[in-house]
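2 protein chains.
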Amino acid sequence: MSLVRVHNFTISLDGFGTGEGQSLEAPFGHAGHRLMAWAFPTRTFRGMGMHGEGEASFGVDESFASQWATGIGVEIMGRNKFGPQRGPWQDEEWKGWWGDDPVFHTPVVVLTHHPRPVLEMEGGTTFHFVDADPAAALEQARALAGDLDVRIGGGVETVRQFLEADLIDHLHVVVAPIVLGRGERLWDGLEGLEERFEIEATPSPSGVVHLILTRKPR
Amino acid sequence: MSLVRVHNFTISLDGFGTGEGQSLEAPFGHAGHRLMAWAFPTRTFRGMGMHGEGEASFGVDESFASQWATGIGVEIMGRNKFGPQRGPWQDEEWKGWWGDDPVFHTPVVVLTHHPRPVLEMEGGTTFHFVDADPAAALEQARALAGDLDVRIGGGVETVRQFLEADLIDHLHVVVAPIVLGRGERLWDGLEGLEERFEIEATPSPSGVVHLILTRKPR
Numbered sequence: 001m002s003l004v005r006v007h008n009f010t011i012s013l014d015g016f017g018t019g020e021g022q023s024l025e026a027p028f029g030h031a032g033h034r035l036m037a038w039a040f041p042t043r044t045f046r047g048m049g050m051h052g053e054g055e056a057s058f059g060v061d062e063s064f065a066s067q068w069a070t071g072i073g074v075e076i077m078g079r080n081k082f083g084p085q086r087g088p089w090q091d092e093e094w095k096g097w098w099g100d101d102p103v104f105h106t107p108v109v110v111l112t113h114h115p116r117p118v119l120e121m122e123g124g125t126t127f128h129f130v131d132a133d134p135a136a137a138l139e140q141a142r143a144l145a146g147d148l149d150v151r152i153g154g155g156v157e158t159v160r161q162f163l164e165a166d167l168i169d170h171l172h173v174v175v176a177p178i179v180l181g182r183g184e185r186l187w188d189g190l191e192g193l194e195e196r197f198e199i200e201a202t203p204s205p206s207g208v209v210h211l212i213l214t215r216k217p218r
Numbered sequence: 001m002s003l004v005r006v007h008n009f010t011i012s013l014d015g016f017g018t019g020e021g022q023s024l025e026a027p028f029g030h031a032g033h034r035l036m037a038w039a040f041p042t043r044t045f046r047g048m049g050m051h052g053e054g055e056a057s058f059g060v061d062e063s064f065a066s067q068w069a070t071g072i073g074v075e076i077m078g079r080n081k082f083g084p085q086r087g088p089w090q091d092e093e094w095k096g097w098w099g100d101d102p103v104f105h106t107p108v109v110v111l112t113h114h115p116r117p118v119l120e121m122e123g124g125t126t127f128h129f130v131d132a133d134p135a136a137a138l139e140q141a142r143a144l145a146g147d148l149d150v151r152i153g154g155g156v157e158t159v160r161q162f163l164e165a166d167l168i169d170h171l172h173v174v175v176a177p178i179v180l181g182r183g184e185r186l187w188d189g190l191e192g193l194e195e196r197f198e199i200e201a202t203p204s205p206s207g208v209v210h211l212i213l214t215r216k217p218r
């Protein structure tokens, strides 16, 4: 069976995966660029169009970052990762935060209570808008992925729901050395999670700590 | 000026420094022994009377743990670290969780709204019960410490108050690979703490990550 994986999902020391006050201009709210700052210099994120100064990095951050796409056949994302709109779609012309040629290059299942037609983008990305619980959404995603793995792309609520439903096999969490104070917490409602996962920690000179949580055999 | 230091202060992945439901028998509430489990095999904690199987460890956990007493002239602790009683003292005969010969071997300032006479214990530990805010308590502690450093011993609320008051120079936080779900959070109210501290992370084969926060020059 293909794996369900999370990559490059970054939280603050106090466990927030996004700040407060998300908007079109501020996808991470008051956190700004602080959560993902570790990733911007990596070759992988540069390749996704992140601007930066100096050479792209090939260190431990890049080693982890680069794994996000390998063997992935589909992404599942929450609606908030597609765009900041809430409720019924007001403007179906706006095609999300990801531009005409999104970085995914695979089918993407967008979880929403307001389905709309499939959006075909350049470069192989297709957005499928699905109203389903995690298990049913995963089933639909697997049908789109062939034999490849499924990535849970976030945001916080989406990763948390899939963890609660015990559907995640591989979870890469990056702990950034910042205290956000407010926003959405990843670990809420997941008491005892360590009983289900092996946990390995690797620090980076950039200041973050990479945590790899690997589901124990069932 | 002597430093104000915190050592071996352990939190869960979700930031809790103690669980819910503290009592005489369960100083960490529902967390039980899970937070401090990394420390029990170390030579330092064995030396404090922790029982355990096998040889005491000399690895990275011991390297960090062993620094707690070096150069320390006094500890400041919250009342909850002295004992689980709340409100006016009901039983002054009971001399706290730490036995006749407490591990501190220095003066200890116990923060409480209910002062009582100094308690002289065996081995050089004296408990001084003080009703004061962090800055005033620190002043009294320094008077007891001579030229030596001051350790803030916890619990969560005490460390947090001293961080809020920006009185801590060196903070050793250990992140245990567990999700507690409930209890007292260390980082609450400390948004932006990283602006005041350099942060270094070191993982241990035991599964914990040692964070050293060093106050930037003022």
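Protein chains in written order, with UniProt numbering: chain A, 1 to 218; chain B, 1 to 218.
Glycine included, every Cβ here is placed at the ideal spot set by N, Cα and C.
Computed from a predicted model, the values in this text were never measured in an experiment.
Residues of chain B with CB under 7 Å from residue i, in chain order?
i                      : result
residue 32 of chain A  : The premise fails here: residue 32 of chain A is roughly 12 Å from chain B at the closest Cβ pair, so nothing lies under 7 Å.
residue 201 of chain A : 203 and 209
Quick check on the burial criterion: 16 or more other C-beta atoms within 10 angstroms. Buried or exposed for residue i?
i                      : result
residue 113 of chain A : exposed
residue 70 of chain B  : exposed
residue 7 of chain B   : buried
residue 38 of chain B  : buried
residue 155 of chain B : buried
residue 194 of chain A : buried
residue 192 of chain A : exposed
residue 97 of chain B  : exposed
Kindly list, in the order they appear in chain A, the residues whose Cβ is closer than 8 Å to that of residue i.
i                      : result
residue 190 of chain B : 14, 179 and 181
Taking 8 Å as the threshold (beta carbon to beta carbon), is residue i in contact with chain D?
i                      : result
residue 193 of chain A : Absent from the structure is chain D; the protein chains it does hold are A and B.
In its own chain, which residues sit with a C-beta less than 6 Å from the C-beta of residue i, not counting the 5 before and 5 after it?
i                      : result
residue 19 of chain B  : 28, 29, 30, 31, 180 and 183
residue 115 of chain B : 129 and 131
residue 41 of chain A  : 52 and 57
May I ask which residues mark the beginning and end of the beta strand (DSSP E) holding residue i?
i                      : result
residue 232 of chain A : The requested residue 232 of chain A does not occur in the structure, where chain A is confined to residues 1 to 218.
residue 138 of chain A : Unbroken run through residue 138 of chain A is the alpha helix (DSSP H), 134-145; no beta strand (DSSP E).
residue 125 of chain B : No beta strand (DSSP E) holds residue 125 of chain B; DSSP gives it neither H nor E.
residue 16 of chain B  : 16-18
residue 174 of chain B : 170-176
residue 211 of chain A : 209-215
residue 163 of chain B : Residue 163 of chain B -> not in any beta strand (DSSP E); alpha helix (DSSP H) instead, spanning 156-164.
residue 7 of chain B   : 4-12
residue 92 of chain B  : Run containing residue 92 of chain B: none; DSSP gives neither H nor E here.
residue 201 of chain B : 197-203
residue 107 of chain A : 107-111
Among residues of its own chain, excluding the 5 on either side of residue i, which ones have a beta-carbon nearer than 7 Å to its beta-carbon?
i                      : result
residue 103 of chain A : 48
residue 107 of chain A : 74, 126, 128 and 144
residue 153 of chain A : 75, 76, 77 and 81
residue 25 of chain A  : none
First and last residue of the alpha helix (DSSP H) that includes residue i?
i                      : result
residue 103 of chain A : That residue, residue 103 of chain A, is in no alpha helix (DSSP H); it is neither H nor E in DSSP.
residue 44 of chain B  : 43-47
residue 79 of chain B  : 79-82
Interface residues of chain B around residue i at Cβ under 9 Å?
i                     : result
residue 38 of chain A : Within 9 Å Cβ-Cβ: nothing; residue 38 of chain A doesn't reach chain B, min ~12 Å.
Could you tell me which chain A residues have their CB closer than 9 Å to the CB of residue i, listed as they occur along the chain?
i                     : result
residue 89 of chain B : Those do not exist, as residue 89 of chain B stays about 34 Å from chain A at its closest Cβ, beyond 9 Å.
Can you name the residues of chain A whose CB is closer than 7 Å to the CB of residue i?
i                      : result
residue 187 of chain B : 13, 14 and 179
Quick test of your reading: residue i and residue j, contact by CB under 8 Å. State the CB separation rounded to the nearest angstrom.
i                      : j                      : result
residue 88 of chain A  : residue 23 of chain A  : Not a contact, Cβ separation roughly 19 Å.
residue 171 of chain B : residue 111 of chain B : Not really, about 18 Å apart at Cβ, beyond 8 Å.
residue 12 of chain A  : residue 149 of chain A : About 27 Å; that fails the 8 Å criterion.
residue 169 of chain B : residue 5 of chain B   : 7 Å
residue 135 of chain A : residue 167 of chain A : 7 Å
Residues in the same chain with beta-carbon distance under 8 Å from residue i, minus the five sequence neighbours each way, listed in chain order, please.
i                      : result
residue 101 of chain B : 121, 122, 123 and 125
residue 118 of chain A : 126, 127, 128 and 129
residue 17 of chain A  : 9, 10, 11, 35, 154, 155, 156, 159, 183, 184, 185 and 186
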